[in-house]
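Undergrad:
Residue numbers (the working numbering): 555 to 1274.
1. Excluding the 5 residues preceding and the 5 following residue 1152 in the sequence, name in chain order all residues of the same chain whose CB lies nearer than 6 angstroms to its CB.
2. Which parts of the segment 1200-1274 are runs of the alpha helix (DSSP H), unbroken and 4 residues or longer, counting only runs that do not cross its ends?
3. Please report how far the alpha carbon of residue 671 lies from the alpha carbon of residue 709, in whole angstroms.
4. For the segment 980-1056, list the beta strand (DSSP E) runs that are entirely contained and at least 3 residues long, ordered along the chain.
5. Using the Cα positions of residue 610 and residue 769, report the straight-line distance between them to the nearest angstrom.
6. Within the same chain, show all residues whose beta-carbon is closer than 7 angstroms to that of residue 620, passing over the 5 residues directly before and after it, in chain order.
7. Return the CA-CA distance between residue 1272 and residue 928, expressed in angstroms with no decimal places.
8. Among 1092, 1188 and 1240, whose alpha-carbon lies nearest the alpha-carbon of residue 843?
9. Taking 8 angstroms as the cut-off, decide whether the C-beta atoms of residue 950 and residue 908 are in contact.
10. Residue 1011: buried (16+ other C-beta within 10 angstroms of its C-beta) or exposed?
11. Quick one: grab the DSSP three-state call for residue 654.
12. Whose C-beta lies closer than 7 angstroms to the C-beta of residue 757 among residues of the same chain, with five residues either side of it excluded?
13. Between residue 1229 and chain D, is there a C-beta pair that is closer than 8 angstroms?
14. Would you kindly work out how many angstroms separate the C-alpha atoms of residue 706 and residue 698, rounded to a whole number?
15. Taking the alpha carbon of residue 1106 as the point to measure from, which residue in 803, 1265 and 1122 has its own alpha carbon closest?
16. Based on DSSP bridge pairs, tell me the residues matched to residue 659.
17. Whose C-beta lies closer than 7 angstroms to the C-beta of residue 639 among residues of the same chain, with five residues either side of it excluded?
18. Going straight from the alpha carbon of residue 895 to that of residue 883, what length do you get?
19. Report yes or no: do the segment 1139-1149 and the segment 816-833 share at least 3 C-beta pairs separated by less than 8 angstroms?
20. If we ignore side chains and look at the alpha-carbon of each, how far apart do residue 956 and residue 903 end up?
21. Please state if the CB of residue 960 and the CB of residue 913 are separated by a distance shorter than 8 angstroms.
22. Between residue 953 and residue 897, which are expected to be in contact by the criterion C-beta below 8 angstroms, what is the C-beta distance as a whole number of angstroms?
23. What residue range does the alpha helix (DSSP H) around residue 955 cover?
24. For the alpha helix (DSSP H) holding residue 929, just list the boundary residues, first then last.
25. How many angstroms separate the CA atom of residue 1257 from the CA atom of residue 814?
26. Counting along the chain, where does the beta strand (DSSP E) carrying residue 943 start and finish?
27. Considering only C-alpha positions, which residue in the set 1211, 889, 779 and 1079 is nearest to residue 1020?
28. Report the option in 1240, 1053 and 1081 whose CA atom is closest to the CA atom of residue 825.
29. Kindly list the residues whose CB is nearer than 8 angstroms to the CB of residue 582, restricted to its own chain and excluding five residues on each side of it in sequence; keep chain order.
30. Go ahead and pull the three-state DSSP assignment for residue 839.
31. Taking residue 766 as the reference, give the member of 779, 778, 751 and 775 with the closest Cα.
32. Have a look at residue 840 and residue 1075 and give me their C-alpha separation to the nearest angstrom.
33. Around the C-beta of residue 988, are 16 or more other C-beta atoms found within 10 angstroms, so that it is buried, or is it exposed?
34. For residue 800, which of helix, strand or coil comes out of DSSP?
35. With a threshold of 16 other CB atoms inside 10 Å of the CB of residue 982, please say whether the residue is buried or exposed.
36. Mark residue 874 as exposed unless 16 or more other C-beta atoms lie within 10 angstroms of its C-beta, in which case mark it buried.
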């Protein structure tokens, strides 16, 4: 007849009591204080204890009780590895041995087993014997992460747990002891710092200390991923520097998602509810910088030794010095923004040099060309945009435009663009020159007020500071929210509000992280402008993606007045939540609709999750809608009362952070046609970005006229 675990436990307890009585009678049988009798009893007890230590199973039971604390019979049996019913008798035998020698005690009221002080002493002795045997056979050394070999020292594990993971000392000692036992048990021949850390993290997880484990996790890449990066160098730009940068990006992205962002926000990004652009540098540098370069150049900048090749930019007054400083400032500023640097004050900077316009154009062309090597934090380099306010100094504005046109001609893919502010001037004054620039691949944006080339406005325009920034890079997947709202428009807007609140809180956290790093010198130019630290010069911007798909495809509304009213209500909800949350955080919050890599990512993730034939299908193919697109070939038919124009202006007015309106220009459009389209679009909408695809020869860089198969100049088939 087989006995259950409970029967074995009760039977063991009964036998234990008898055995204990026998042991006591043995010790008390000779009541005379004879030394030989005491020594004989002591020797017998020591031999019995050593016999207990002879079994690895019994040592394991002691170790488990020492690290875990009081355990029930079933818990101890399972942790000791006796999981099958066939092993129940074997486990009971080992536990009975430990109980008989008082190495383990049973609390009968709680039915839990604990290790006694004698048991701890025996366990310590066993560990010392193990350590001594290893030492006698050869010392154990560790290959550390700082490229050295050191003798293994368990105290360093305790120090790391307390210093890095903030563990209480007693817990750190317990974890270390268990890790140390495993190291000796596995008899690892090649011991490394990373292997020890893996063991520590494994033990922490087993004990339910996930938060401590996250603090102690090693950030890096698997060996396979490193080998893949080296093997696929076609995807790496900028040589070894690009390879190292991509590696660093992945490490810091993991750090952001594991240790900096709140868990719910990190999970929302990973699942596709929202998207964080450039997570590798998200907590290091801002996205868009609006800067008055006149003050920077005229006052000079002390970089505090943060750049080895440039220690300071001296105050500049002469034309040569100004243009030289301009190219340096542009190149350095691009390192302190992940998306764009919008440069203001260039017209005022050159006002005193209006008598030498030809020289100004030449030197500006050279300055733009020199500054084109901007930082590259993603698939595209950081944009640099020169903002020109029409209606100020016409001669200087025309000179800057001509210099930019010359720069565009000699640069296959320009890294610098223009933002033309038409608020106080006439577009007809520059439309022909701008049309020429667009025809050869230049980047131009038309807007009113301070706006980036992506259509996002500067939320700090009321603050008269030489520098202000936008923290963007958070986009919300509206089609996903709508799809999971069961076609309930009210519930959809409620879910949007719920998602925005933690997202904005994380952006406020981001602001603090960037501020701290900047103050400590990571972004030298930002650090030298103390106005950056002012709360009012930083704006938090949230981007809405896929609004049309949400309202028209998923919620089921028609693209008519009723449907567009719902669309407006969604934006108004986001704006209201942003205002309220901004007041709570003490920051300016703006809502925009612009281009972002999130659009394609959302569409891909939703297609994988819900199927490509679901109602989540994009209206624009492989990505969700982002802003408004106007076809230049049809713009002559538009009026201020046209539905698409009225809708674009309405959205632009409701959105607090800007709307990107793209003017799509045909590839074969002539300069005169482009000029007319620009002037017409300026009459109809407050801001727009003309976009025209052009062919560029990958061999000689030719792009002066449209071509498809071969370059007309060098006959190369390599067309970009």
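Here a beta-carbon is modelled for each residue, glycine too, at the ideal position from N, C-alpha and C.
TA: Taking the definition as stated:
1. Here the question's residue 1152 lines up with position 598 in the chain shown. Same-chain partners within the cutoff: 829, 1029 and 1099.
2. 1225-1238
3. Residue numbering aside, residue 671 sits at position 117 when the chain shown is read from its first letter. Residue numbering aside, residue 709 sits at position 155 when the chain shown is read from its first letter. Using only the alpha carbons, I get a separation of about 23 angstroms.
4. 998-1001 and 1021-1031
5. Counting from one through the chain shown, the residue named residue 610 turns up at place 56. Counting from one through the chain shown, the residue named residue 769 turns up at place 215. Distance between the alpha carbons of residue 610 and residue 769: 33 angstroms.
6. Taking the first residue of the chain shown as position 1, residue 620 is located at position 66. Within the same chain, residue 620 has close Cβ partners 669, 674 and 677.
7. Here the question's residue 1272 lines up with position 718 in the chain shown. Here the question's residue 928 lines up with position 374 in the chain shown. Their Cα atoms are separated by approximately 25 angstroms.
8. Counting from one through the chain shown, the residue named residue 843 turns up at place 289. Residue 843 has its Cα closest to that of 1092, out of 1092, 1188 and 1240.
9. One-based indexing of the chain shown puts residue 950 at position 396. One-based indexing of the chain shown puts residue 908 at position 354. Contact: yes.
10. For the purposes of this step, residue 1011 is taken as the residue at position 457 of the chain shown. Buried, because 16 or more other Cβ atoms sit within 10 Å of the Cβ of residue 1011.
11. Counted from its first residue, the chain shown places residue 654 at position 100. Residue state, collapsed to three classes: helix.
12. Sequence index remark: in the chain shown, residue 757 carries index 203 (1-based). If we look at residue 757 and ignore the five residues flanking it on each side, its Cβ neighbours are 729, 732 and 733.
13. The chain labelled as chain D is not found in the depicted structure, where only one protein chain is given.
14. Position 152 of the chain shown, counted from the start, is the residue given in the question as residue 706. Position 144 of the chain shown, counted from the start, is the residue given in the question as residue 698. Distance between the alpha carbons of residue 706 and residue 698 is about 10 angstroms.
15. Taking the chain shown and counting its residues from 1, one reaches residue 1106 at position 552. Checking every option, the nearest Cα to that of residue 1106 belongs to 1122.
16. Taking the first residue of the chain shown as position 1, residue 659 is located at position 105. Note: residue 659 sits in a beta bridge opposite 668.
17. Position 85 of the chain shown holds residue 639. The answer is none, since no qualifying residue turns up.
18. Working through the chain shown from its first residue, we reach residue 895 at position 341. Working through the chain shown from its first residue, we reach residue 883 at position 329. So the alpha carbons of these two residues sit roughly 11 angstroms apart.
19. no
20. Translated into the one-based positions of the chain shown, residue 956 becomes position 402. Translated into the one-based positions of the chain shown, residue 903 becomes position 349. Rounded to whole angstroms, residue 956 to residue 903 spans 17 angstroms at the Cα level.
21. Sequence index remark: in the chain shown, residue 913 carries index 359 (1-based). Sequence index remark: in the chain shown, residue 960 carries index 406 (1-based). Going by C-beta atoms, residue 913 is not nearer than 8 angstroms to residue 960.
22. Locating residue 953 in the chain shown gives position 399, where the first residue counts as 1. Locating residue 897 in the chain shown gives position 343, where the first residue counts as 1. Going by Cβ atoms, the distance from residue 953 to residue 897 rounds to 16 angstroms, so no, they are not a contact pair.
23. Against the chain shown, residue 955 aligns to sequence position 401. Residue 955 -> alpha helix (DSSP H) spans 948-964.
24. Stepping through the chain shown from its first residue, residue 929 is reached at position 375. Neither: residue 929 is in no alpha helix (DSSP H) and is coded neither H nor E.
25. As a working note, residue 1257 is residue 703 in the chain shown. As a working note, residue 814 is residue 260 in the chain shown. Residue 1257 and residue 814: Cα-Cα distance of roughly 46 angstroms.
26. Working through the chain shown from its first residue, we reach residue 943 at position 389. From DSSP, the beta strand (DSSP E) with residue 943 extends over 937-943.
27. Within the chain shown, the letter at position 466 stands for residue 1020. Residue 1079 is the option with its Cα nearest to residue 1020.
28. For the purposes of this step, residue 825 is taken as the residue at position 271 of the chain shown. Here the closest residue by C-alpha is 1053.
29. Here residue 582 refers to the residue found at position 28 of the chain shown. For residue 582, the pLDDT reaches just 41, beneath the cut-off of 50, and the residue's location in the model is therefore unreliable, leaving the point undetermined.
30. Within the chain shown, residue 839 is the residue found at index 285, counting from 1. Of the three classes helix, strand and coil, the one that applies to residue 839 here is coil, per DSSP.
31. Position 212 of the chain shown, counted from the first residue, corresponds to residue 766. Nearest option by C-alpha distance: 751.
32. Translated into the one-based positions of the chain shown, residue 840 becomes position 286. Translated into the one-based positions of the chain shown, residue 1075 becomes position 521. Using only the alpha carbons, I get a separation of about 14 angstroms.
33. Locating residue 988 in the chain shown gives position 434, counting from the first residue. Result: buried.
34. Numbered from its first residue, the chain shown carries residue 800 at position 246. If DSSP states are grouped into helix, strand and coil, residue 800 belongs with the helices.
35. Counted from its first residue, the chain shown places residue 982 at position 428. Residue 982 comes out exposed.
36. Taking the first residue of the chain shown as position 1, residue 874 is located at position 320. Exposed, because fewer than 16 other Cβ atoms sit within 10 Å of the Cβ of residue 874.
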